[in-house]
Amino acid sequence: RIGRTGGKTALSVWLTALVAHGSLRGKISPHTSHTRSIRLCRNPLNDLVRATDRQDGISGGVGEGGVESGVLFSFRGQSDDVSDSLSRWQRVDDQIMGGISQSNLIPAPPGTDDSRPYASFRGICRVEGGGFCGTRTNRFSNPLDLSYYTGIYLVCRGDGNRYKMNLRTTEKLSETVYQASFDPADGKFTEVRIPFLAFQQVKRSAPIPNAPPINSNQIYQLGLVLSRFQGGEEAFNPKFKPGPFSLDVVEIGAYRDNAQHQATRVDLDAYTASSAKKIVEMPQDAGEQRPPGPPRWVRLLLRLKGKKPLRTRVAENRKDQALRLLNLRRNGTRLSEARSDSIAPSSS
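Residue numbers (the numbering used here): 16 to 363.
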């Protein structure tokens with residue numbers, strides 16, 4: 016493993032320059048992979064925990080179906096690697112608002128019969144005074160640029176609870192984040208993929224109306240949450256179970272589904288009556304609604320001042336001009352002459 020020796024050899028200097036060159040903006044993009052595994056504890060990219068198989072600080076490859084992936088956090092490997100990864104996470108439980116829930120992100124408990132290394136987000140979630148447990152990364156000094164990817168994936172094992180992934184797109188640590196729910200498989204490790212389109216901007220788990228979609232080229236923080244709330248304090252998580260919980264995580268990363276980023280062709284002969292596209296029926300009054308006028312208080316103010324609304328005055332002016340030109344045309348005057356007379360300078 017390279018990068019842990021004390022002396023500044025020519026190779027280590029070259030690797031440092033390579034990382035700095037590809038990490039000035041915290042951008043993660045695909046490059047030709049190589050087989051050397053490099054540990055970048057002081058990577059200026061974005062404080063990523065681990066980087067392998069990529070020159071720009073992210074491990075990855077192309078899987079089945081043209082799906083590329085890049086590892087952000089890996090809890091595999093030696094105990095020192097896992098400890099360093101865990102040190103970059105912090106817990107955020109409901110104790111900050113008077114609750115009594117407790118959780119932590121810890122290495123796999125000793126004595127487990129699973130040979131796959133992992134970290135476990137576990138604890139006790141109680142509904143008295145709060146009802147949520149969370150863990151999140153330290154804020155990245157430089158934001159992640161994940162615009163090349165389709166979403167976030169987790170290799171994890173659940174316990175029947177529904178969890179949520181948080182993504183922060185601003186440098187300020189506020190209560191507003193982008194959030195998406197996911198249901199990990201109960202009792203076995205699977206890869207869960209959460210597209211960026213599934214993330215919705217929330218504040219205290221309540222969706223923000225008319226919020227913009229997530230900006231995936233500016234990710235300052237990732238987080239995992241177990242909460243009894245699904246979409247605000249009045250919408251509850253239907254799969255929430257108070258008490259002990261555990262979400263075992265092998266790795267967290269970004270994935271790109273190439274099928275969603277390129278044009279595709281569909282064989283129309285494969286359509287059936289049930290799968291054919293349905294025609295969307297437009298409402299009968301579609302396109303007939305008049306555009307909204309000025310507010311009511313504006314109309315009342317104009318009425319008090321004896322003035323008609325601007326829309327009415329413009330319509331009346333156009334009508335008067337049309338009638339005047341019509342009368343001139345009936346009297347044998349050409350429209351070109353009428354227009355030239357109307358814009359001719361006054362002789363006085």
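We put the beta carbon where it would ideally sit given N, CA and C, even for glycine.
Annotated as proximal: R172 and F204, with beta-carbon spacing under 7 Å. Distance from G81 to D109 at the Cβ level is roughly 42 Å; contact not present, criterion being Cβ atoms closer than 8 Å. The C-alpha of S116 is placed about 5 Å away from the C-alpha of C140.
In the three-state DSSP reduction, E331 falls in the helix class (H, G or I). For the pair of segments examined, the segment 150 to 170 was found to touch the segment 230 to 244: the number of CB pairs separated by less than 8 Å reaches three.
Taken through DSSP and simplified to helix, strand or coil, S242 comes out as strand. Secondary structure of V313 (DSSP, three-state): helix. Per DSSP, N119 is one residue of the beta strand (DSSP E) stretching across 117 to 122. For V192, the secondary structure class from DSSP, reduced to helix, strand or coil, is strand.
Across the set F88, K254, V217, the C-alpha of V217 shows the shortest separation from the C-alpha of T184.
Comparing alpha carbon positions, the residue from F136, L317, S84 closest to S261 is F136. When only Cα atoms are considered, S100 and A250 end up about 34 Å apart. In the structure shown, N273 adopts helical secondary structure according to DSSP, grouped into three states. Here DSSP, grouped into helix, strand and coil, assigns N225 to coil. At the C-beta level, L316 and P324 stay beyond 7 Å of one another. Classified as exposed, A274 has fewer than 16 neighbouring CB atoms from the shown chains inside 10 Å of its CB.
Shown here for R243: same chain residues with a beta carbon closer than 8 Å to its own, the five before and five after excluded, namely C140, V142, G146, F147, F251, N252, F255, P257 in chain order. Assigned with DSSP and collapsed to three states, D109 falls in helix. Judged by DSSP in its simplified three-state form, R103 adopts coil rather than helix or strand.
In the three-state DSSP reduction, S89 falls in the strand class (E or B). At least 7 Å separates the beta-carbon of P158 from that of Q215.
Secondary structure note for N181: its beta strand (DSSP E) is the uninterrupted segment 178 to 183. Between V265 and R91 the beta-carbon gap is near 7 Å, inside 8 Å, which marks them as a contact. Taking the Cα positions, V97 is about 22 Å away from P199.
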